[in-house]
Structures are given as C-alpha cells and as structure tokens.
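A.B. asks: This note's numbering applies: residue 21 is where the sequence shown begins, and numbers increase by one. Dumping the structure here so I can ask a few things about it.
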Amino acid sequence: MKRFISFFLVLTMLVSLTACNLPHNSDESTPDNTEKASHYPITVTDHAGRQVTIEDEPQKLVSGYYISTSLLIALELDEKMVGIEAKANKRSIYKLSAPDLIDLPNVGTAKEFDLEGCAALEPDLVILPLKLKNAVETLEDLGIDVLLVNPENEEQLTEMINMIADATNTKDKADALLSFIEDKKAHLAAALTGADTPSVYLAGNSSMLSTAGSAMYQSNMISLAGGVNVASEIEDTYWVEIDYEQLLSWDPDYIILASDASYTAEDVLADPNLANCTAVTNGNVYQLPNKAEAWDSPVPSAILGSIWLANILHSDLLTDTECSEMIDEYYETFYEFKYSEN
Numbered sequence: 021m022k023r024f025i026s027f028f029l030v031l032t033m034l035v036s037l038t039a040c041n042l043p044h045n046s047d048e049s050t051p052d053n054t055e056k057a058s059h060y061p062i063t064v065t066d067h068a069g070r071q072v073t074i075e076d077e078p079q080k081l082v083s084g085y086y087i088s089t090s091l092l093i094a095l096e097l098d099e100k101m102v103g104i105e106a107k108a109n110k111r112s113i114y115k116l117s118a119p120d121l122i123d124l125p126n127v128g129t130a131k132e133f134d135l136e137g138c139a140a141l142e143p144d145l146v147i148l149p150l151k152l153k154n155a156v157e158t159l160e161d162l163g164i165d166v167l168l169v170n171p172e173n174e175e176q177l178t179e180m181i182n183m184i185a186d187a188t189n190t191k192d193k194a195d196a197l198l199s200f201i202e203d204k205k206a207h208l209a210a211a212l213t214g215a216d217t218p219s220v221y222l223a224g225n226s227s228m229l230s231t232a233g234s235a236m237y238q239s240n241m242i243s244l245a246g247g248v249n250v251a252s253e254i255e256d257t258y259w260v261e262i263d264y265e266q267l268l269s270w271d272p273d274y275i276i277l278a279s280d281a282s283y284t285a286e287d288v289l290a291d292p293n294l295a296n297c298t299a300v301t302n303g304n305v306y307q308l309p310n311k312a313e314a315w316d317s318p319v320p321s322a323i324l325g326s327i328w329l330a331n332i333l334h335s336d337l338l339t340d341t342e343c344s345e346m347i348d349e350y351y352e353t354f355y356e357f358k359y360s361e362n
C-alpha cells in the first residue's frame with residue numbers, strides 16, 4: 021500500500037509539472053486571427069468629421085481616389101481591392117507595383133462616380149474623396165461603410181494614413197510608412213542645416229503661369245528641400261494664375277515644373293518673356309519626375325519630392341547617389357520594385 025501511495029504521489033507531481041509547462045490562454049499566446057478579431061469594432065473619424073464604426077475587418081475594398089489607392093498598395097491591401105477609380109491604367113505606380121489593379125472594375129471619378137457599379141461590387145469598405153460625400157448615404161443604406169478623405173496637406177495626409185490603417189487593421193505597416201517619412205525629413209533637416217535658401221517658383225500642370233501659395237502642400241515640399249517659395253505671399257488654397265510681370269518681379273533662382281506639366285523645361289527656357297529671369301539665365305529650370313507618381317502632390321510618397329528637389333537645389337549637400345538610394349529604399353520597402361531600374 022505504501023508503494024502504491026508513493027507511486028501515486030510521484031504521478032501527481034509529474035502531471036502538475038506538465039500542466040505548468042503548457043501554454044497559458046493569455047494575450048501572448050492568442051492566435052493571430054484572434055488578435056485581429058479583437059481589433060473590432062473600431063470607430064474612426066474621417067475628413068468630413070463623420071464617426072464611422074467598422075464592425076469587422078474589411079475583406080473587400082473599393083478606392084475611388086488615386087491617393088488612397090496608392091496608400092492601400094503601401095499597406096499591402098491591394099489584393100483586397102475589388103474596385104478602383106477610373107483611368108487606373110494611366111497610373112504608373114499601379115503598373116510598377118500592383119498591375120492586377122488595372123483590370124479591376126472602375127467606379128468612375130469624383131465628377132462622374134458610378135454609385136450603382138460601386139454597390140454592385142458588394143464591398144465592405146469604400147474610400148472616397150471628400151468631393152463625393154453625396155454618395156455616402158446611399159452606400160450606408162446598403163450596409164457599406166464609407167470613409168471620406170481629403171489629403172490636401174501634410175497633416176491631412178498623415179491623418180488619412182492613420183485613419184485607413186485603423187479601419188483595416190494595418191497600423192504596423194502605417195507606422196513603418198510614417199516612420200520612413202519622419203526619418204527622411206530629419207535627414208534633410210540635418211543635411212541642409214546652415215545652407216543657403218534659394219528662391220523657387222513652382223509652375224502648375226496646365227500653365228507655367230499657375231502656381232501654389234503658402235497654404236498648399238507644394239509650398240511645404242519646397243521648404244523641406246531647403247528652398248523658399250516665391251509665391252508664399254499667396255494664401256489661396258488652390259492654384260493661382262499670375263502674369264509675367266509678377267513672375268519677373270519675384271525673379272526666382274529656380275523654376276520647377278509640376279510632374280504632370282503639359283509643357284517642358286525647354287519651352288520655359290525658350291520663352292522670350294523670361295529671358296531676363298535669373299532661373300532662365302542660369303539654366304535652372306527642371307521638371308519633377310513622373311515615372312512613378314506625382315511627388316508634388318500629397319501622395320504617400322510625397323517626401324520623395326522634397327528629397328529630389330533638395331538634390332537639385334543643394335547637390336553639394338545631398339548627392340545624386342544619396343537621393344537615388346532613398347527613393348529606391350522607399351519603393352523597395354513599400355511597393356516591392358526598384359525605382360532606379362524602371
């Protein structure tokens with residue numbers, strides 16, 4: 021009997037030790053899918069000030085705006101997209117990073133949105149520009165969540181990134197993107213400390229005499245690049261038309277053309293009205309690249325516009341090699357292609 025009791029006690033101890041080594045049912049051992057489920061429901065505030073409660077992680081997404089579409093790629097959500105804005109085949113970034121998007125059904129533009137076509141795709145979440153706020157009620161009546169975005173400046177771009185990341189449970193990827201942006205801003209600030217600040221005139225897409233004032237994103241791009249926007253006295257929140265007399269009075273050191281300009285640097289250099297402009301006299305007229313995206317607009321990659329411009333304005337402080345490496349780092353990290361090889 022004593023031997024039986026001793027054996028029973030040893031057996032009990034072994035069972036207890038084994039139980040101690042088993043994983044606990046805590047947050048640390050919760051499977052990934054359970055962690056994701058615990059993220060919802062979540063309420064986010066969009067750029068119309070609407071509070072939108074999302075009950076479950078969206079599996080089918082529609083983006084009616086090229087800026088939000090580009091962000092969805094960076095957040096690795098392009099495979100969840102079932103609809104896209106019109107003219108997607110004209111966006112180089114899609115061809116380079118997510119070519120399958122080009123063949124998705126399009127939901128039209130901000131001017132001609134296909135509400136019926138969008139609803140037919142049965143998305144869980146639709147992301148639209150603020151201009152399409154009239155479409156919200158109909159989509160919500162169908163049980164479809166809608167976020168309205170308006171990334172017109174750096175602050176609103178950051179808000180949009182966080183908003184969409186919260187809604188789609190991709191905060192870690194958004195944090196990595198925002199960290200990249202802040203890191204490169206700090207790099208520019210350190211590299212350009214104490215440097216001269218040349219004056220810059222940024223010419224618009226449709227006309228060389230169209231420019232952006234201090235309230236627009238493009239003005240911030242110039243500042244980050246170590247330049248001064250000659251049109252900073254203009255406070256309008258949209259492109260403003262000026263005349264030659266005004267431009268000549270500003271007499272910028274550099275003239276930078278928007279990436280999608282309908283004219284060329286050669287056109288500006290050959291313009292007899294600008295023969296006495298310092299930028300033209302010195303040959304300092306350049307066009308922003310448009311190989312992937314328009315960096316002179318508040319897209320997720322917009323920091324690259326400041327990096328490229330800093331290289332133009334301060335090539336002695338930010339070399340061609342440094343500029344190329346940072347651009348490649350961005351696209352390899354978030355879009356899985358090498359910019360310099362395309």
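Beta carbons: idealized from backbone N, C-alpha and C, even for Gly. Source: prediction; values computed, not measured.
Under the assumption that residue 149 contacts residue 169 (Cβ atoms under 8 Å), give the Cβ distance between them as a whole number of angstroms.
C.D. replies: With 8 Å as the limit, residue 149 and residue 169 qualify as a contact, their Cβ atoms being about 6 Å apart.
A.B. asks: According to the neighbour-count rule (16 or more other Cβ atoms, all chains shown, within 10 Å of its Cβ), is residue 204 buried or exposed?
C.D. replies: By the neighbour-count rule (16 or more Cβ atoms within 10 Å), residue 204 is buried.
A.B. asks: Which residues in the same chain have their Cβ closer than 7 Å to the Cβ of residue 295, if we skip the five residues on either side of it in sequence?
C.D. replies: Counting only Cβ-Cβ distances below 7 Å, and skipping sequence neighbours, we find nothing.
A.B. asks: Closest to residue 241 by C-alpha separation, out of 312, 219, 282 and 260, would be which residue?
C.D. replies: Closest by alpha carbon: 219.
A.B. asks: Does the region 156-167 touch the region 305-320, meaning 3 or more C-beta pairs lie closer than 8 Å?
C.D. replies: No, they do not touch.
A.B. asks: State the Cα-Cα distance for the pair residue 183 and residue 265, rounded to the nearest angstrom.
C.D. replies: Rounded to the nearest angstrom, the two C-alpha atoms are 44 Å apart.
A.B. asks: DSSP three-state label for residue 63, please.
C.D. replies: Looking at residue 63 - three-state DSSP - the assignment turns out to be strand.
A.B. asks: To the nearest angstrom, how far is it from the Cα of residue 346 to the Cα of residue 324?
C.D. replies: The alpha-carbon atoms of residue 346 and residue 324 are separated by roughly 8 Å.
A.B. asks: Just to confirm, are residue 212 and residue 91 a CB contact at a threshold of 7 Å?
C.D. replies: No.
A.B. asks: Return helix, strand or coil for residue 274, following the three-state DSSP convention.
C.D. replies: Three-state result, residue 274: strand.
A.B. asks: Could you tell me how far apart the beta carbons of residue 121 and residue 139 are, in whole angstroms, since I believe they sit closer than 8 Å?
C.D. replies: Incorrect: roughly 20 Å between the Cβ atoms, too far for contact.
A.B. asks: Thinking C-alpha only, which one of 280, 253 and 278 is nearest residue 270?
C.D. replies: Comparing Cα-Cα distances from residue 270 to each of 280, 253 and 278, the minimum goes to 253.
A.B. asks: If we ignore side chains and look at the alpha-carbon of each, how far apart do residue 207 and residue 174 end up?
C.D. replies: If I take the Cα positions, the gap works out to 17 Å.
A.B. asks: Pick out whichever of 333, 330, 335 and 312 has its Cα sitting closest to the Cα of residue 348.
C.D. replies: Out of 333, 330, 335 and 312, 312 has the C-alpha closest to the C-alpha of residue 348.
A.B. asks: Could you give the residue range of the beta strand (DSSP E) that holds residue 159?
C.D. replies: Note, residue 159: premise wrong, no beta strand (DSSP E); alpha helix (DSSP H) at 156-161.
A.B. asks: How big is the Cα-Cα spacing for residue 59 and residue 239?
C.D. replies: Whole-angstrom Cα-Cα distance: 38 Å.
A.B. asks: Identify, in the order they occur along the chain, each residue of the same chain with its Cβ nearer than 8 Å to the Cβ of residue 72, setting aside the five sequence neighbours on each side.
C.D. replies: If we look at residue 72 and ignore the five residues flanking it on each side, its Cβ neighbours are 63, 64, 65, 66, 165, 166, 167 and 187.
A.B. asks: Quick one: Cα of residue 233 to Cα of residue 274, how far?
C.D. replies: When rounded, the distance between both Cα atoms is 16 Å.
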